[in-house]
Each structure stands twice: as C-alpha cells, then as structure tokens.
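In the numbering used here, the protein residues as written are 25 to 284.
Ideal Cβ positions, reconstructed from N, Cα and C, are used throughout, including at glycine.
For reference, the structure discussed in these notes is given below.
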Ligand code: DAK
C-alpha cells in the first residue's frame, strides 16, 4: 500500500511508520490521520508484524501539531459535525493491541505531542521538544493532551505547560516521566528499532497481555486492576508459549514462540 503523507516499511517483524511532510514539520492533517489509521490497522492485522515504531521524517520534527492551515479554514460546525480527528485517533489507540513505540526526533507539539503520548512508550532524541502550545492559538488540547500529559507528568507541570504553551526539552521530559529514555539524536532510529526488535522477539500473546495490563492501571481502581492482572496472568498460563517458555528456561535454550 502506498501513501501520500506517511511511509511504511517492514523490517523483519517490526513495522516502521514515518510521518512524511517534512516541509510542514510533519503537521497532522486529515489525510495524515486517515493514512495513519490505515497503516496501524494493517500492522494490527498482519500476524508477521509484532512491534511498530512511529517517527517523523527530516531532522526537525516528529510532528509540530495539527495542521494549523487546515484548521484555520474550518468553522466550529465543521469541527463538531466531522468530529474532527476523533474517530481516527480513537481507532489507533483502541484497535492497536500490539505494542508500538514513538521515536520522537524533534518537535512534538500539540497534536504531535498527543500522538506521541498515544504510543506505549516514547524514546526521545536529545533534540526532542514537547509541548501543548494550543493556548497561543486561542484553543486547547483536543486529542488527549490535557488528560494524558497530566497522567504522565502530574498536574503542576501539565498545567504550567498548557497555560504557558512552553516547550519541554528531552532531559526534562525524561526527568518528568514523559519519555522512557533519551538517546543521542543520530542513534534514535536504530535504538527504537532495536528496542522494537527486542519486543518482537518476545512471546507475542504475552506482549499483548503485558500491554493490556499496564494500560488497565490508567482506567481502573487498584483493586480492579489487580483482578485484571491476575485473570490475564491465569489466561497466559494456559498458552502454548508459557509451556515452551518455561521448558526453554529449564533446558537452557531459546524459546520458539507460537503466539498462542
Ligand atoms: N501546522 C501547519 N504548518 C506548520 C505547523 C503546523 N502545526 N508547524 C509548522 N508548520 C510549517 C510552517 O508554517 C512552515 O511552513 P512554510 O512557511 O515554510 O510554508 C514550516 O512548517 C516550518 O516552520 P517554521 O518556519 O515555523 O519553523 P521554525 O523552526 O521557525 O519553528 C516551530 C518551528 C515548531 C516552533 C513553529 O513552526 C511552530 O510554532 N509551529 C506551530 C506549533 C503549534 O502551535 N502546534 C500546535 C498546533 S494546534 C482536535 C484535536 C487535536 C487538535 C485540534 C483539534 N480535535 C479533536 C477537535 C490539535 C491542535 C494542534 O496541534
């Protein structure tokens, strides 16, 4: 499948999706979101693909936000009637059960920061800059920023970021738990792809289960989360990969996964 605004490449069991509007700092317009949704659905449906990486093309940006030029031409009624961006972004988050990583190579602002925060985790280049500058445009986050940023870095910092529109550099983002790791700029893609390959080498059903459990921590009380964790653990104990994984450990060899 060929796209206009993104590129998609499979490297062994890892799908690399690249936002590809470098002249507009990979700003997200309707076409990008439509194509991203399609690419994530294809990744989810392809059983040979076990982890994905999303990054931005060019040296400057992951994504500098939703496309301001596109939005400037829309009336309130258009945003409301089209439910602008919402159907696509919720499809990406809810239907991608397999793991994916955001490799943030520069600006991740507004919708770009929100898209990165939809990933299972973020690896950032030392040049990465995160922010929710929508207030400067007379609006506010619309794709989850006020919620996911607050859950990631806490109220005080999230409120300061949203109210001032200031950017947060990579080092502060790591210190604030927004990103898992910061790596040298030139090593970002290799590092993210290697991390994805490592995840892809794990028992695939256990990878989905681990993701589901950790995500449950955001949606439920501790008691309910612990029940979900126990139940999923119990389901995994019935899998062929559990039998194989434990046998491989005892026999001091690598496991061979069936994904079931
Ligand atoms: N949209 C469109 N074009 C953009 C863009 C954006 N967000 N960001 C940059 N560009 C374009 C610039 O217009 C410029 O294009 P040309 O003039 O060359 O044609 C090119 O990219 C290079 O940008 P600059 O010349 O500005 O580059 P600088 O290095 O000087 O500055 C910058 C980089 C990232 C600091 C600056 O470009 C900037 O401040 N960009 C805007 C950042 C921003 O405000 N982002 C938030 C956008 S609002 C919703 C859901 C979500 C959203 C809305 C609704 N619903 C569910 C309803 C999301 C909203 C947003 O993300």
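Item                                                                                                           : Value
At least three beta-carbon pairs within less than 8 Å, the stretch 270–282 to the stretch 158–165              : no
Local Cβ density within 10 Å of residue 275, reported as buried at 16 or more and exposed below that           : exposed
Whole-number beta carbon distance between residue 81 and residue 42, since they are thought to touch under 8 Å : 5 Å
Own chain, CB closer than 6 Å to residue 164, minus 5 neighbours either side, in chain order                   : 158
Cα-Cα separation, residue 223 to residue 235                                                                   : 11 Å
Cβ shell of residue 229 (< 8 Å), same chain only, five flanking positions each side left out                   : 260, 263, 265, 283, 284
Closest residue to residue 199 among 212, 208, 177 (Cα-Cα distance)                                            : 177
Pairwise C-alpha distance: residue 52 and residue 93                                                           : 10 Å
The stretch 189–203 touching the stretch 110–117, judged by at least three CB pairs closer than 8 Å            : no
Same chain, Cβ closer than 7 Å to residue 117, five either side skipped, listed in chain order                 : 142
Residue 138 vs residue 190 beta-carbon contact at 8 Å                                                          : no
Cβ contact check for the stretch 199–214 and the stretch 121–129: 3 or more pairs under 8 Å                    : yes
Inter-residue Cα distance where the pair is residue 203 and residue 140                                        : 10 Å
Start-end ranges of the alpha helix (DSSP H) lying completely within the stretch 172–255, minimum 4 residues   : 179–188, 194–199, 212–224, 228–243
Beta-carbon spacing of residue 88, residue 50 below 8 Å                                                        : yes
Residue 70: CB within 7 Å of a non-hydrogen atom of the ligand DAK                                             : no
Residue-chain proximity (residue 252, chain B), Cβ-Cβ < 8 Å                                                    : The structure shown contains no chain B; it is built from a single protein chain.
Cβ separation of residue 123 and residue 186, assumed to be a contact under 8 Å, to the nearest whole Å        : About 28 Å; that fails the 8 Å criterion.
The stretch 52–67 in contact with the stretch 90–106 per 3-pair CB rule at 8 Å                                 : yes
Pair within 8 Å by beta-carbon distance, residue 37 and residue 72                                             : yes
Residue 149 - partner residues in DSSP beta bridges                                                            : 207
Closer than 6 Å to the ligand DAK: residues, by C-beta to nearest heavy atom, in chain order                   : 48, 49, 51, 88, 89, 90, 91, 92, 93, 103, 108, 109, 110, 131, 133, 134, 135, 157, 158, 161, 166, 167
Contact check, residue 34 vs residue 121, beta carbons under 8 Å                                               : no
Range of the contiguous alpha helix (DSSP H) that encloses residue 105                                         : 100–106
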